[in-house]
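Chemist: Structure in C-alpha cells, see below.
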Amino acid sequence: MDISALVLADSRYPGGGHVHSGGLEEAVSRGLVRGERELPGFLLGRLRTAGELAAVFAAAAALLPTDWAGLDAELDARTPSPAQRTASRAQGRGTMRAGVRAWPSPVLDALLSAVPRPHHPITLGALTGVAGGSPADAAAVAGYLAVSGPASAAVRLLGLDPFAVNAMVADLSAELRTQATRAAATAALPAADLPAPGSPGLDLLAEAHARHHKEEVRLFAS
Amino acid sequence: MRARARLVVEAVGPRSVIRVLESAAPLTLLPRRGTRGAAVVHLVNSAAAPLGGDHLTLSVEVAPGAALRLVGVAATVALPGTGRSATHLRLTIGDGASFEHLPEPTVVTRHADHHATLTAELTGTARLRLRETLVLGRKSEAPGHLTTETHITHDARPLLRQSLTTGDPATDQSLAGLAGHKVLTTEISVGTPPPPAPVSGDWWSLVPLGPATAPRGYLATALGPDAVTASARLGAALAAATG
C-alpha cells in the first residue's frame, strides 16, 4: 500500500473528518445504537452501502480522469440526500485543503477549477492518485474512513471501550480488502456505469440529523 | 422466457395517441378506450412471471408533448425457476411529455433471485412520476435476493442512480440499509418544483432531485415495518411537497 494512503487514513490528518459521525450520532440519539452490541452491525452495514460507494468513486478518481465535473455529477446522482452531499463536500474540502499542500499538482488545480468543493471520495482518490497510489489504495482509504470515523464517534458518544471498538474496526479487514479489490476492478469504467449502491437508512438518518442539528446542540456535523 | 414488449405514444393535438402497442407474453399491454388527454395502458402479467430465468423488457416511448399513464402490475417477484430472473423497464420521455406509473408493491419472496432495472431518459420539460414499493418477504418470511437499479437522466445528465440489494441480512437489518424494516417505498417526481428545503420525519424524507442549484423534482422515501405504515410515512413526505 502506498504511504499516501496511510497519511490520508491517519486520524491526525488535518482534514476535519473528526466532526462527522456518519449517521451514528442520530442513531445514538434515537436509541438505535446503545452500545457495543449494536455497533458492529452499524459499521458493517455502513461499509457495504455508503462505504462501497465511497470506495468505488475513490478508485475511479485515483485514475485521475480528465472530466472531473462529470465524475462529480455522477456521484451527486448517487447521493440523493442533501445532508449526505453536504457532509461529503465538507470533508472533501477539508481533505483537499491539506492535500494540495502535501501533494501539489496541476491535476488537483484542474480538479478544483472544475469542482471547487469536491466530494470526499473523489478528493481521496485524486490525492492518492497524484501521490502515486493505486485505485485499490484509494478505495481502501475511503472504505476505512467510512467506518473508522463512526467508530471513533461511538467512543465519544457512548463512552465505549476504545480497545473493543478498535477491534471491531480491525474485524472488518477482510471485508475492506475485498471491497478495495472490487472497487479497483470497476475504476476504469465510464463514470455513468460505475456501481451505485444506495443507503436508504443512512440517508434518512442524515436528513433527520440535519433537521435536529438546527433545533438542538449536536456534537457532530453529520 | 425472453420477452420484449414495446409501447409508443404520440401527441396529436391535445390527445395522446398510442402508435405502437406490442405485447410479448407474459407482458400484455391493454389500452383503455375513451380516455381524454393522457393515454392509459394497463400492464398485465398474462403468465406467472417473472419466473427464474425470465428476461422481460418493456420499452416505453412518450413522444414530445404526449402523456401516458401505465397502470398495474401487481408483482410478486421471482418464483423459483432456473436461475436469475430480470426485468427492464426502459422509458424515453420527450420534451413536454409526461409519464406516470404507480404500480402495486413488489414482494420479494424467499426464493427470489431477481434483477429489476429501470432506465429513464428525459428531455427538456419532460415530467415523470414513478412509485416503487418493495416488501421484503410475505408475513414471517425471509426475503430473497433482489437487486433494483434505477438510472434517471435528464438531457443526458445523471439525475438519480441508485441500486439496492435485498436478501443480505447484514444490510437488510443494518441502520445503513433498510434498518430492519420490511417495506421501502419511494416516489420520484421529475418536472415538479421541490419544496425550498429538504423535509424529513422519522424514517421518511423528501429531498430535491438533481443539482442543488437547479433541482428538477423530488425524491420521497419512506421505510416502515409494514406497507400501511410505510405508505402513511410516504404520504407525510408527499404532503410536504404539495405543501
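Just so you know, the sequences run in chain order A and B.
When we follow my numbering, the leftmost residue of the first sequence carries the number 42, and every step to the right adds one.
When we follow my numbering, the leftmost residue of the second sequence carries the number 132, and every step to the right adds one.
The beta carbon of each residue, even a glycine, is placed where N, CA and C say it ideally should be.
Remember, it's a predicted structure, so these values are computed and weren't measured experimentally.
Among all the DSSP beta bridges, which residues are the ones paired with B:I149?
Modeler: Numbered from 1 along the second sequence, position 18 holds the residue referred to as residue 149 of chain B. The partner list for B:I149 (beta bridge, DSSP) reads B:V140.
Chemist: Is DSSP giving A:W109 helix, strand or coil here?
Modeler: Within the first sequence, the letter at position 68 stands for residue 109 of chain A. Correct three-state label for A:W109: helix.
Chemist: If the cut is a Cβ gap below 9 Å, which residues of chain A does B:A358 touch?
Modeler: For the purposes of this step, residue 358 of chain B is taken as residue 227 along the second sequence, with counting starting at 1. Here the premise fails: no neighbours, minimum Cβ distance about 16 Å.
Chemist: From which residue to which residue does the alpha helix (DSSP H) around A:S189 run?
Modeler: Sequence index remark: in the first sequence, residue 189 of chain A carries index 148 (1-based). Start and end: P176 to L199.
Chemist: For a test of the three-state rule: what should DSSP assign to B:P175, helix, strand or coil?
Modeler: As a working note, residue 175 of chain B is residue 44 in the second sequence. For the record, residue 175 of chain B in the displayed sequence is Val; it is not Pro. Residue state, collapsed to three classes: strand.
Chemist: Around the Cβ of B:E192, are there at least 16 other Cβ atoms within 10 angstroms (buried) or fewer (exposed)?
Modeler: In the second sequence, residue 192 of chain B corresponds to position 61, counting from 1. That one is buried.
Chemist: Return the bridge partner residues of B:R224 from the DSSP annotation.
Modeler: To locate residue 224 of chain B, count along the second sequence from 1; it is residue 93. With the sequence shown as reference, residue 224 of chain B is identified as Ile, and Arg is not the correct amino acid for it. DSSP lists B:V193 and B:L253 as partners of B:I224.
Chemist: In the DSSP assignment, find the unbroken alpha helix (DSSP H) run with B:P342 in it and report its ends.
Modeler: For the purposes of this step, residue 342 of chain B is taken as residue 211 along the second sequence, with counting starting at 1. That residue, B:P342, is in no alpha helix (DSSP H); it is neither H nor E in DSSP.
Chemist: Quick one: list the residues of chain A neighbouring B:D333, beta-carbon separation under 9 Å, in chain order.
Modeler: The residue given as residue 333 of chain B occupies position 202 in the second sequence. Ordered by position in chain A, the residues that pass the 9 Å Cβ test against B:D333 are R71, L245 and A249.
Chemist: Does the stretch 245–255 of chain A touch the stretch 330–345 of chain B, meaning 3 or more C-beta pairs lie closer than 8 Å?
Modeler: Verdict: yes, contact present.
Chemist: Candidates B:T284, B:G144, B:T278 and B:G184: which alpha carbon is nearest B:R167's?
Modeler: Start at 1 with the first residue of the second sequence, and residue 167 of chain B comes out as number 36. It is B:G144.
Chemist: Compute the Euclidean distance between the alpha carbons of B:T373 and A:G190, then round it to the nearest angstrom.
Modeler: On the second sequence, position 242 is the one that residue 373 of chain B refers to. On the first sequence, position 149 is the one that residue 190 of chain A refers to. Their Cα atoms are separated by approximately 38 Å.
Chemist: Can you list the residues of chain B that A:R134 reaches, using a CB-CB cut of under 7 Å?
Modeler: The residue given as residue 134 of chain A occupies position 93 in the first sequence. The contacting residues do not exist; A:R134 stays about 15 Å from chain B at best.
Chemist: Apart from the five residues on each side of it in sequence, which residues of its chain come closer than 6 Å, Cβ to Cβ, to A:L105?
Modeler: Position 64 of the first sequence, counting from 1, holds the residue named residue 105 of chain A. Hits under 6 Å: V148 and G170.
Chemist: In whole angstroms, give me the CA-to-CA distance for B:A142 and A:G92.
Modeler: In the second sequence, residue 142 of chain B corresponds to position 11, counting from 1. In the first sequence, residue 92 of chain A corresponds to position 51, counting from 1. Distance between the alpha carbons of B:A142 and A:G92 is about 45 Å.
Chemist: Taking the straight line between their C-alpha atoms, what separation do you get for B:V330 and B:A371?
Modeler: The residue you call residue 330 of chain B lines up with position 199 of the second sequence. The residue you call residue 371 of chain B lines up with position 240 of the second sequence. So the two alpha carbons sit approximately 7 Å from each other.
Chemist: Measure the C-alpha to C-alpha separation of B:R258 and A:E216 and round it to an integer number of angstroms.
Modeler: Taking the second sequence and counting its residues from 1, the one referred to as residue 258 of chain B is at position 127. Taking the first sequence and counting its residues from 1, the one referred to as residue 216 of chain A is at position 175. Going from the Cα of B:R258 to the Cα of A:E216 covers about 41 Å.
Chemist: Measure the alpha-carbon distance for B:G194 versus A:A233 and round it to whole angstroms.
Modeler: Residue 194 of chain B sits at position 63 when you count from the first residue of the second sequence. Residue 233 of chain A sits at position 192 when you count from the first residue of the first sequence. According to the sequence provided, residue 194 of chain B is Ala. The question's Gly does not apply to it. Computed Cα separation, rounded: 25 Å.
Chemist: Is B:S331 near the ligand MN, going by C-beta to nearest heavy atom under 7 Å?
Modeler: Ligands in the displayed structure: none, and consequently the ligand MN is not present.
Chemist: Between A:E115 and chain B, is the shortest Cβ-Cβ distance under 8 Å, so that the two count as touching?
Modeler: Taking the first residue of the first sequence as position 1, residue 115 of chain A is located at position 74. Closer than 8 Å to some Cβ of chain B, the Cβ of A:E115 qualifies, so yes.
Chemist: Listed from N- to C-terminal order along the chain, which residues in the stretch 214–230 of chain A have their beta-carbon within a distance smaller than 8 Å of any beta-carbon of chain B?
Modeler: Within the stretch 214–230 of chain A, no residue has a Cβ that lies closer than 8 Å to any Cβ of chain B.
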